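Residue numbers (the working numbering): 43 to 290. Every residue, glycine too, gets a C-beta built ideally from N, C-alpha and C. Keep in mind the model is a prediction, meaning the values are calculated, not measured. Everything on this sheet refers to the single structure shown next.
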């Protein structure tokens with residue numbers, strides 16, 4: 043009975059700590075999403091002074107770093123912009139690709155920053171690419187292992203679930219500097235090439251800063267979930283040890 047009591051009590055503490063910390067993280071996540079949408083809308087009103095489209099901005103960033111073999115294509119959807127290293131192509135959403143707004147220039151330059159990272163062998167993005175297959179596997183099976191381990195009271199399965207889930211947390215941890223670095227490269231090139239100036243440049247920075255906050259929130263959420271699993275695991279171990287000593 044002792045191990046069940048201590049395990050249940052530990053899980054109770056883990057859940058309460060999780061709920062307590064979850065509130066500010068959720069607020070940050072919702073605020074970050076609102077900031078992204080609001081900043082993008084605000085700086086998508088009206089053309090920038092030089093009437094540079096997102097596609098032209100991405101091309102300028104690539105050219106400034108001596109890169110000439112990356113494709114730039116339009117993709118459907120809203121805020122679906124991304125760089126795909128598999129075909130070495132920057133995909134820009136329709137409201138970025140052919141739109142001459144401050145937001146379009148900032149977003150496109152950021153995605154071009156990722157292409158520059160790959161071309162220059164930036165270590166964090168190489169690390170992120172290397173762990174991506176393991177992360178995808180872990181995200182698919184961690185929850186199953188955690189649930190089965192909980193139901194069968196198997197510490198081994200539960201621990202394996204934590205290990206697999208920790209890979210998704212590591213991926214989020216590596217992603218944050220990758221995104222921040224891409225934004226830094228983008229803003230430096232935007233300023234250096236004179237794509238935007240003055241208030242326009244500050245507007246692009248606000249758009250990219252808001253986007254970065256979403257990655258911060260995602261990392262905190264993943265760390266919080268990982269902490270919860272670790273606390274539950276520790277409480278179950280503690281319960282087993284106490285139960286064993288009681289039997290002796």
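In angstroms, rounded to a whole number, what distance separates the CA positions of residue 278 and residue 203?
-> Taking the straight line from one Cα to the other gives about 15 Å.
Cα separation between residue 43 and residue 195?
-> Below a pLDDT of 50, predicted positions are generally treated as unreliable, and residue 43, at 43, falls in that range; no measurement from the model is reported.
Nearest candidate by alpha-carbon position, reference residue 115, set 166, 93 and 98 | The candidate whose alpha carbon is nearest that of residue 115 is 98.
Continuous beta strand (DSSP E) stretch holding residue 113: start and end = Note, residue 113: beta strand (DSSP E), 113 to 117.
How would you write the range of the alpha helix (DSSP H) that residue 156 sits in, first residue to last?
-> From DSSP, the alpha helix (DSSP H) with residue 156 extends over 144 to 161.
Look at the alpha carbon of residue 138 and the alpha carbon of residue 272, and state the distance between them as a whole number of angstroms.
-> If you take the alpha carbons of residue 138 and residue 272, they lie about 42 Å apart.
Nearest candidate by alpha-carbon position, reference residue 249, set 262, 192, 172 and 229 = Comparing Cα positions, the closest option is 229.
With a cut-off of 8 Å, do at least 3 Cβ pairs link the region 91 to 107 to the region 61 to 78?
-> No, they do not touch.
Which residue's Cα is closest to the Cα of residue 224: 171, 166, 173 and 65?
-> Nearest to residue 224 by alpha-carbon distance, out of 171, 166, 173 and 65, is 166.
With 16 other CB atoms within 10 Å as the buried threshold, where does residue 135 fall?
-> Residue 135 is buried by the Cβ-count criterion.
Cβ-Cβ distance between residue 158 and residue 103 below 9 Å | Taking the C-beta atoms as reference points, residue 103 is found nearer than 9 Å to residue 158.
Which of helix, strand or coil does DSSP assign to residue 132?
-> Looking at residue 132 - three-state DSSP - the assignment turns out to be strand.
Roughly how many angstroms separate the alpha carbons of residue 241 and residue 156, rounded to a whole number?
-> C-alpha of residue 241 to C-alpha of residue 156: approximately 25 Å in a straight line.
For residue 83, three-class secondary structure by DSSP = Under the three-state reduction of DSSP, residue 83 is assigned to helix.
Under the assumption that residue 100 contacts residue 145 (Cβ atoms under 8 Å), give the Cβ distance between them as a whole number of angstroms.
-> Not a contact, Cβ separation roughly 14 Å.
By Cβ distance below 6 Å, which residues in the same chain neighbour residue 153 in space, the five residues on each side in sequence not counted?
-> Cβ contact annotation for residue 153 (same chain, cutoff 6 Å, sequence separation greater than five): 123, 125 and 132, in chain order.
Residue 245 versus 121, 130, 235 and 147, residue with shortest Cα-Cα distance | Nearest in C-alpha terms to residue 245, of all of 121, 130, 235 and 147, is 147.
Quick one: what does DSSP say residue 164 is sitting in, helix, strand or coil?
-> The three-state secondary structure of residue 164, taken from DSSP, is coil.
Helix or strand or just coil, what does DSSP make of residue 195?
-> In the three-state reduction of the DSSP assignment, residue 195 falls in the coil class, being assigned neither a helical nor a strand state.
Selected residue, minimal CA-CA separation from residue 105, among 207, 256, 265 and 234 | Ranking the options by Cα distance to residue 105, first place goes to 234.
Rounded separation between residue 222 and residue 192 - CA only | Computed Cα separation, rounded: 38 Å.
Short Cβ contact (9 Å threshold) for residue 176 with residue 253 | Result no, Cβ atoms of residue 176 and residue 253 do not sit closer than 9 Å.
Can you find at least 3 beta carbon pairs, one from the region 258 to 267 and one from the region 173 to 187, that sit closer than 8 Å?
-> The answer is no - the region 173 to 187 does not touch the region 258 to 267, with fewer than three Cβ pairs under 8 Å.
Report back the beta-carbon spacing between residue 112 and residue 130 to the nearest angstrom; my notes put them in contact at under 8 Å.
-> Yes, residue 112 and residue 130 are in contact; Cβ-Cβ is about 5 Å, under 8 Å.
Compare the Cα-Cα distances from residue 206 to each of 217, 59, 180 and 231 and report the closest residue.
-> Of 217, 59, 180 and 231, the residue nearest in Cα terms is 180.
Going by Cα to Cα distance, which pick from 160, 78 and 143 is closest to residue 127?
-> It is 160.
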